[in-house]
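Here is the structure we will look at.
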Amino acid sequence: MLPDIFTCWHDTEFRIIAGFRTKHTALTKRDVLTAATFSAGELENLIELTERMKEMRSGQVLAGRTVALLFFDRSLRTRVSFECATVQLGGHCLNLFAENELYGLEPEDRVVMDGSAEEHVKDAARTLSRYVDALGVRALDRSRSWEVDRQERLLHAYAKYATVPVINLESTLEHPCQAIADIVTIKQNLIDLKGRKLTLAWTDHPDPKGLGPCHSLLHVATMLGMDVTLAHPLGFELDEETVGQARTNAADSGGGLRIVNDLESGLDGAEVLYARAWGSTKYWSDPEREAMVKRSLHSWRIDEAAMARTANALFMHPLPVRRNVVATDSVLDGPRSVIYDQAENRLHVQKALLTHLLG
Amino acid sequence: MLPDIFTCWHDTEFRIIAGFRTKHTALTKRDVLTAATFSAGELENLIELTERMKEMRSGQVLAGRTVALLFFDRSLRTRVSFECATVQLGGHCLNLFAENELYGLEPEDRVVMDGSAEEHVKDAARTLSRYVDALGVRALDRSRSWEVDRQERLLHAYAKYATVPVINLESTLEHPCQAIADIVTIKQNLIDLKGRKLTLAWTDHPDPKGLGPCHSLLHVATMLGMDVTLAHPLGFELDEETVGQARTNAADSGGGLRIVNDLESGLDGAEVLYARAWGSTKYWSDPEREAMVKRSLHSWRIDEAAMARTANALFMHPLPVRRNVVATDSVLDGPRSVIYDQAENRLHVQKALLTHLLG
Amino acid sequence: MLPDIFTCWHDTEFRIIAGFRTKHTALTKRDVLTAATFSAGELENLIELTERMKEMRSGQVLAGRTVALLFFDRSLRTRVSFECATVQLGGHCLNLFAENELYGLEPEDRVVMDGSAEEHVKDAARTLSRYVDALGVRALDRSRSWEVDRQERLLHAYAKYATVPVINLESTLEHPCQAIADIVTIKQNLIDLKGRKLTLAWTDHPDPKGLGPCHSLLHVATMLGMDVTLAHPLGFELDEETVGQARTNAADSGGGLRIVNDLESGLDGAEVLYARAWGSTKYWSDPEREAMVKRSLHSWRIDEAAMARTANALFMHPLPVRRNVVATDSVLDGPRSVIYDQAENRLHVQKALLTHLLG
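Residue numbers (the working numbering), protein chains in the order written: chain A, 18 to 376; chain B, 18 to 376; chain C, 18 to 376.
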């Protein structure tokens, strides 16, 4: 943590303006674009800091600072919990709903901008970096190409050009703030994480949902030594590179990762059952085909019978949830469900994260 | 008023999370969904508190607290006055424009959510209750069924599931904050309310406007002993149950309630003339029919001749107003008009209300 | 600067409400609708105050006060810099996105409001004046008539009816906050402004952009004695009245103003090159014709060859900019570009302006 409120800046191009005191320049800024940003040790520190954040009524570590949130997609939890986190730390939170309020943005370099985009991300990011102390970005690309979307061009263009830290508020590949809140919630209940059995179960859903929460949780859970089972139908494989990284994590941490293609074997012995729908990367370019495939997958739904197969598992879901499609009311509202604790922990994790980045 | 900033919470399901201090639990939370929420004595206390609020520059009773406002319909006065009220009390106000920013919401229980709604009100309300200290909701349903719309499903689902107080920012049936501001404005001018003659006059308008402001004012005015005349054309009857309750109020308070179907007899002797258009509950399912009926009702407009029939009445309207349709410029801008005082009193009433609920 | 926080109010119709302390009444309020609002001496004071604002971490001159911003058009810099400016001065900033959140507005007096507008600007402005301490308005009219649009009816209706200061956040004719930030940026680099050569160069652009930034800068630069060259193709003349006023300014200040219709002679000898596209007032009613005319104007683009003709000019642009259409990446990112300093100075200028108006 840096002593001066401006040392988080690292604009090597920053010009010293004659006659004006200007911002200090630090060597690096820290973006949080993926859950892989943090080492296991840093994650443990963040979790500990999160627990202290719950105790604190409010601090003033963000006094005089502004966090701007840019939403290119809808949000309830992320938007409200980030704004409350910033305000509880004494800061100012500025929300920008990109679709309605801002100019169309160009993320690619060296383009002749004679199309519909009115502003380059370079200019938006550098301008905002002159006004605010951190940027949150939610951008879920949905072209028909998985290879294009997984590059997360808009998010990475912001990170490249912003001179203040950029925090991923959910992208095509990742949702790191959600995953850290999830792991904090698991730790509150299981105390120790090493070797504990977490099942990440795909569920039915009318829409092709983003893969971010699952990827980020997979990363964090394997890094902290959990024994993870990934259960999904064929055709709904997670991103290859992400799964590969999770295998490496598990090898390093003494955790495990296995993949099964039926829900039942995923349930057996689970101590934590994390349900979430996600879209098929295989059918990313063909949502109609995906919808057709899903007609035979309605049984991928968590009900009391599914819960009964687990080892009295905690039930988790990152919300919003389609009730009685993803999981039944009796599970969502049942005694083992911690879905609202997950949501509340977003607030505390983000206070810890902002303190870590800017405090 | 409660001493601890968290005692307003009453989540009986609230789980004690191992190792974390959690929020205190109070026995009840207080929602403000209708003007009928308050007894006559409570109303008088609120009015008195409002007057004190005008004196105060700012307090800090909301320090460290957040009020979230959810708008499912457009707003100027409510949105700005609530945000200013919260900030003037030292709190943080968070605005959510539901139509553009949030997920589609399901208000009904036990539904299989395979339609367009992405999130259940239960989950949105419980999540928000973990982040904020009070929720304001503006939701004006407009299906074609009066029986359905008068149930105010979205508002009541929020009230049912939120564990923090829910404040009605205007619904199909009610607009309690407006009505209390109106009564404060009347009291500032007439000093005593008992037996004073208030006429609530329907007026012409191109659209079928909501009935909330009239219902809530009818309730409050009869409860405080005013002698109310309701003037509207046949077919524009207010909600039966609301009118019945107002009759009971009037009987209890020594006030009066009569209904006339011509504007002129409504004007005679009025000390306060409150103009407002509202949609026909009779033709709720058939707006084209309502528009046709209204072709012969253009004379239901307040002009100087109408004002001259009153007992030098104060002129009131809750705004926004269609000038020269509902009332003429000369009346709206005339010496007896208090339309901007009504608007300003929204601010002070809401400071009183937030202090009452959370202070 | 006024000692009491309420003396900026001048509502001559303001009624004293029995039993309530009400706001003080000052003789005048000060709107900032055009750059012509300020005398040369006042401009110099504002520039000096801006420099002091950069030094300050934050003040509390807006403690307890609210600035509301009304956007009828998209914004990034203006919206974020104004919100940050207000918050850095201890105030509360309220953003209203008129298109999605507010009622349709009628700016004309004495209209029978039976059309689509639900509220008169008179009522919106007077209501807001009861809640907030200053209003910012961005409204870029785009009917097909230049004579109509240059009247800026919505902005002027707000100024007429608001009893608090109204600040132009960009209109058809003006963008005063941008121009003052521009002049501060020039002064930071050239130190002295008198007689220095500023070229304001029209550039290519796919859309007919507003003329506000150019008009306001033309005004401010001639008032402070700069030697201004205006370079644009035939058919892209600026507003006649604005140019006439700039000629008068130049005569008074010892500055200069010449107009050329080729880019090259505009570049020769320039010490500051300010590039900006703007729409043709001549073809205001016929955008298709304008687009046709512009097909032969693609060479009006600033590249390194153009920069080489200048006297090592500073390169300026108010952003957003169409990269490689208006100017090349190499110029925008080059060593003489101060585009982000211009953007940053918006923040400091607006802190100075708010302090000037409300402090």
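Glycine is no exception: its CB is placed at the ideal position from the N, C-alpha and C atoms. The model shown is predicted, which means the values in this text are computed figures rather than measured ones.
Query                                                                                                                                                                      : Result
By the 8 Å beta-carbon criterion, what residues does the segment 71 to 102 of chain A contribute toward chain B?                                                           : 71, 72, 74, 75, 88, 91, 92, 93, 94, 96, 97, 98, 100, 101
For residue 44 (chain B), count the other beta carbons within 10 Å of its own beta carbon; 16 or more makes it buried, fewer makes it exposed. Which is it?                : For residue 44 (chain B), the predicted model reports a pLDDT of 47, less than 50, meaning its position is unreliable and no value from the coordinates is stated.
Could you check where the alpha helix (DSSP H) with residue 357 (chain C) kicks off and where it finishes?                                                                 : 356 to 375
Taking Cβ positions, are residue 243 (chain B) and residue 215 (chain B) nearer each other than 7 Å?                                                                       : yes
Beta-carbon separation of residue 337 (chain B) and residue 136 (chain C) under 7 Å?                                                                                       : yes
Below 7 Å on C-beta distance, what does residue 357 (chain C) contact in chain A?                                                                                          : 143, 144, 147
Name the chain A residues that come within less than 7 Å of residue 109 (chain B), Cβ to Cβ?                                                                               : 104
Given that residue 336 (chain A) touches chain B, what residues does it touch there, using C-beta distances under 9 Å?                                                     : 136, 140, 141, 144
For the candidate residues B:259, B:268, B:252, B:251, whose alpha-carbon lies nearest to that of residue 241 (chain B)?                                                   : B:268
Is it true that the segment 248 to 264 of chain C meets the segment 276 to 291 of chain C, where meeting means three or more beta-carbon pairs spaced less than 8 Å apart? : yes
From this set, B:51, B:253, B:293, B:235, which residue's C-alpha is nearest residue 246 (chain B)'s C-alpha?                                                              : B:235
Would you mind sorting residue 352 (chain A) into buried or exposed? The rule is 16 or more other CB atoms within 10 Å of its CB.                                          : exposed
Kindly indicate which three-state DSSP category residue 243 (chain C) falls into: helix, strand or coil?                                                                   : coil
Once you ignore the five residues that flank residue 107 (chain A) on each side, which residues in its own chain have a CB closer than 6 Å to its CB?                      : 77, 79, 80
In this structure, how does DSSP classify residue 130 (chain A) when only helix, strand and coil are distinguished?                                                        : coil
Between residue 170 (chain C) and the rest of its own chain, which residues show a CB-CB distance below 8 Å, the 5 nearest in sequence each way excluded?                  : 124, 125, 158
Counting only Cβ pairs nearer than 7 Å, list the residues of chain A close to residue 361 (chain C).                                                                       : 147
Measuring straight from C-alpha to C-alpha, what distance separates residue 287 (chain A) and residue 152 (chain B)?                                                       : 37 Å
Please report the distance separating the alpha-carbon of residue 40 (chain B) from that of residue 362 (chain A).                                                         : A caution first: residue 40 (chain B) carries a pLDDT of 38, below 50, which makes its placement in the model unreliable, though a value can still be read off. Rounded to the nearest angstrom, the two C-alpha atoms are 14 Å apart.
In the DSSP assignment, what are the bridge partners of residue 216 (chain A)?                                                                                             : A:246, A:290
Which bits of chain C does residue 223 (chain B) rub up against, with CB to CB less than 7 Å?                                                                              : 131
Buried or exposed: residue 143 (chain A), going by 16 or more other Cβ atoms within 10 Å of its Cβ?                                                                        : buried
On a CA-only basis, which of C:189, C:211, C:180, C:185 is nearest residue 301 (chain C)? Give me that one, please.                                                        : C:189
Determine the burial state of residue 369 (chain C): buried for a count of at least 16 other Cβ atoms within 10 Å of its Cβ, exposed for fewer.                            : buried
So is residue 120 (chain B) in contact with chain A if we call contact Cβ pairs under 7 Å?                                                                                 : yes
Check the Cβ of residue 2 (chain C) against every Cβ in chain B and list those closer than 8 Å, keeping chain order.                                                       : Missing from the structure shown is residue 2 (chain C); chain C here goes from 18 to 376 and no further.
Let's test the definition: count the other Cβ atoms within 10 Å of the Cβ of residue 202 (chain C) and tell me whether it reaches 16, buried, or not, exposed.             : buried
Anything in chain C within Cβ reach of residue 364 (chain B), meaning under 8 Å, just list it in chain order.                                                              : 147, 148
Round the Cβ separation of residue 199 (chain C) and residue 359 (chain C) to the nearest angstrom and send it over; I've been treating them as touching at under 8 Å.     : 6 Å
CA-CA distance, residue 296 (chain B) and residue 134 (chain C)?                                                                                                           : 18 Å
So, is residue 356 (chain B) buried or exposed, given that buried needs 16 or more other C-beta atoms within 10 angstroms?                                                 : buried
Residue 83 (chain B) and residue 149 (chain B): beta carbons closer than 7 Å?                                                                                              : yes
In chain C, what lies closer than 7 Å to residue 346 (chain B) by C-beta?                                                                                                  : 127
Could you tell me if residue 204 (chain A) is buried or exposed, where buried requires 16 or more neighbouring beta carbons within 10 angstroms of its beta carbon?        : buried
Which full runs of the alpha helix (DSSP H) of 4+ residues lie inside the segment 154 to 207 of chain A, going along the chain?                                            : 163 to 166, 170 to 178, 193 to 207
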